[in-house]
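Novice: Here it is, the structure in full.
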Amino acid sequence: MNKALTNRQCSFIVYSAIVGYGLINLPQNVSEAGGTIGWISILIVTVAAGAATYIITYLCYNNENKIIYEYSEELVGKFITFIFKIIFITYFILIFSYLIRMYAETLKLVMLIRTPIWAIEMLLYSVVFYAISKGPSVIGRVCELYVPMAIIGIIIMSFILFTQGRLINLRPFFMKQGVMSYIKSSYQLILPFLGMELLLFMPISKKNNRGLYKYTIFTVLFIGIFYIFVVESAISVVGVETAVIYKASLFNIVRGVDVHYLEFFRRLDGIYMIIWTIDVFCSICLWGYSLTVSLGSIFKGARFNAVLTVTIIISFIISLAPKSKMLVEKIINYASYLGIAAAFFIPTILFIVMKVKNHDKKIQ
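Under the UniProt record's numbering, think of the first position of the sequence shown as 1, with each following residue one higher.
This is the structure in structure tokens:
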């Protein structure tokens, strides 16, 4: 269960954790945040996410084969670590449950109109349960297998969108505004970049993970460029005014494109749904595993699969509690505030304490 991951698996895990459900609404989010200059906001958040990823990688690499709670107790004590646990568990249960709910809502809307939400969720939960029960090394291999196909698929589809778009829809590329205006708009794009904190719950070995910093930070930088490419290709087709009003904006933009020269593959929406499902599945497995590990750290001695079973049941009940999709979206947005603490503040606190203690040891 604790078999260490390879650098490449860690890289794909970071990608899968970040690029999940949020990709489908990314053109809408960026258009609302910054319009045609939203790419600058993406760059700013990418740099911040890269810094957070460096701190998280440092903690994982220098606390070999330990998850965050184990070395947190050594650094800041049991009481503060318990507070960290509550934050992480609350954050994970909300994201895990409502990612599944939002995926089920989207699938019902575009394909399975008469299928109840609970039925779609039950099927997804059963598959996710099986994947999580196999441990992080299997989840890492799943990401390693499926993610490259998803990346290539999205890049090809974005190229196709560019061929159907117009350059005028992307202008102006830059506007003379104050730095603060770009930072404020960047704040709205934090949610699509959350997920690198899941690396804190994966087994890392110094022997197997030399050069880990290069892999994880490069992955985050790639995601930033990837996001810009996807958003610009979508906006080139419909413009920012239309992208803002679309729900599931990327899917709706793709569905509105009919490429005659592709013949059998001219309807891109079905292909995109498959690619998006791969991203969402990998992402959900990682969130579910981290949640199960967090709950297991409270109920010490309990078997992993037993904790996982309880986790799945609780998550299923929570996912069905909201009556509307709009309410679910609001809850996910509120959960992003916990995500800021989980991805930025908590790792930074532990990073500073660890640096101070290591410095004191050198002096002594």
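Idealized CB from N, CA, C, for every residue including glycine.
Would a C-beta distance cut-off of 7 angstroms place L194 and A343 closer than the cut-off?
Specialist: yes
Novice: For V240, does the three-state DSSP call read helix, strand or coil?
Specialist: In the structure shown, V240 adopts helical secondary structure according to DSSP, grouped into three states.
Novice: Where F281 and G20 are concerned, what is the direct C-alpha to C-alpha distance, given to the nearest angstrom?
Specialist: 8 angstroms
Novice: Report all residues from its chain with a CB closer than 7 angstroms to the CB of F162; omit the five preceding and five following residues, and keep chain order.
Specialist: The beta carbon of F162 sits closer than 7 angstroms to those of S233 and S236, all from its chain and outside the five residues before and after it, given in chain order.
Novice: In terms of residue numbering, what span does the alpha helix (DSSP H) encompassing A131 cover?
Specialist: I117 to S133
Novice: Specify whether the region 26-45 and the region 205-221 touch according to this definition: at least 3 beta carbon pairs, one from each stretch, less than 8 angstroms apart.
Specialist: Segments in contact, no.
Novice: From G239 to A302, what distance separates their C-alpha atoms?
Specialist: 53 angstroms
Novice: Quick check on DSSP: helix, strand or coil for V321?
Specialist: Note that residue 321 is Ala in the sequence shown, not Val. If DSSP states are grouped into helix, strand and coil, A321 belongs with coil.
Novice: Nearest-angstrom Cα distance between Y98 and R166?
Specialist: 36 angstroms
Novice: V293: buried (16+ other C-beta within 10 angstroms of its C-beta) or exposed?
Specialist: buried
Novice: Looking at the structure shown, is M273 part of a helix, part of a strand, or coil, going by DSSP?
Specialist: The DSSP-derived three-state label of M273 is helix.
Novice: My output table needs one value for F299: the three-state DSSP class, helix, strand or coil.
Specialist: Assigned with DSSP and collapsed to three states, F299 falls in coil, not helix or strand.
Novice: Apart from the five residues on each side of it in sequence, which residues of its chain come closer than 6 angstroms, Cβ to Cβ, to E73?
Specialist: T81
Novice: Would you give the residue range spanned by the alpha helix (DSSP H) that K206 belongs to?
Specialist: Careful: K206 lies outside any alpha helix (DSSP H) and carries neither H nor E.
Novice: Secondary structure at residue 399, three-state DSSP: helix, strand or coil?
Specialist: Because the chain in this structure spans residues 1 to 364, residue 399 falls outside the shown range and cannot be described.
Novice: List the whole-angstrom C-beta distance separating C285 from A131, where the pair is believed to meet the contact cut-off of C-beta under 8 angstroms.
Specialist: 5 angstroms
Novice: What whole-angstrom Cβ distance do K17 and S283 have, given they're in contact under 8 angstroms?
Specialist: The displayed chain sequence assigns Ala, not Lys, to residue 17. Yes, A17 and S283 are in contact; Cβ-Cβ is about 6 angstroms, under 8 angstroms.
Novice: Return helix, strand or coil for N339, following the three-state DSSP convention.
Specialist: Checking the sequence shown, residue 339 turns out to be Gly, not Asn. Helix, per DSSP.
Novice: What are the boundary residues of the alpha helix (DSSP H) that includes T81?
Specialist: K78 to V110
Novice: Pick helix, strand or coil for T6, following the three-state DSSP scheme.
Specialist: Coil.
Novice: Measure the CB-CB distance between L250 and T36 and report whether it falls below 7 angstroms.
Specialist: no
Novice: Check each candidate in Y334, I228, E121 and V254 and name the one with the smallest Cα separation from V45.
Specialist: I228
Novice: Give me the Cα-Cα distance between I340 and L189, rounded to the nearest whole angstrom.
Specialist: 12 angstroms
Novice: Under a Cβ-count criterion, where at least 16 other Cβ atoms within 10 Å of its own Cβ denotes burial, should E70 be classed as buried or exposed?
Specialist: exposed
Novice: My guess is that T219 and Y15 are in contact by the Cβ rule of under 8 angstroms, so how many angstroms apart are they, rounded?
Specialist: 5 angstroms
Novice: Spatial neighbours of K325 within its chain, please: CB distance less than 6 angstroms, with the 5 preceding and 5 following residues excluded, ordered by chain position.
Specialist: Correct list, in chain order: E105.
Novice: Are the beta-carbon atoms belonging to residue 388 and T311 less than 7 angstroms from one another?
Specialist: Beyond the ends of the chain as shown, which are 1 and 364, falls residue 388; an answer cannot be given.
Novice: In three-state terms, what does DSSP make of I352?
Specialist: In the three-state reduction of the DSSP assignment, I352 falls in the helix class, which pools H, G and I.
Novice: Candidates W39, Y61 and L75: which alpha carbon is nearest I346's?
Specialist: Among W39, Y61 and L75, the Cα nearest to that of I346 belongs to L75.
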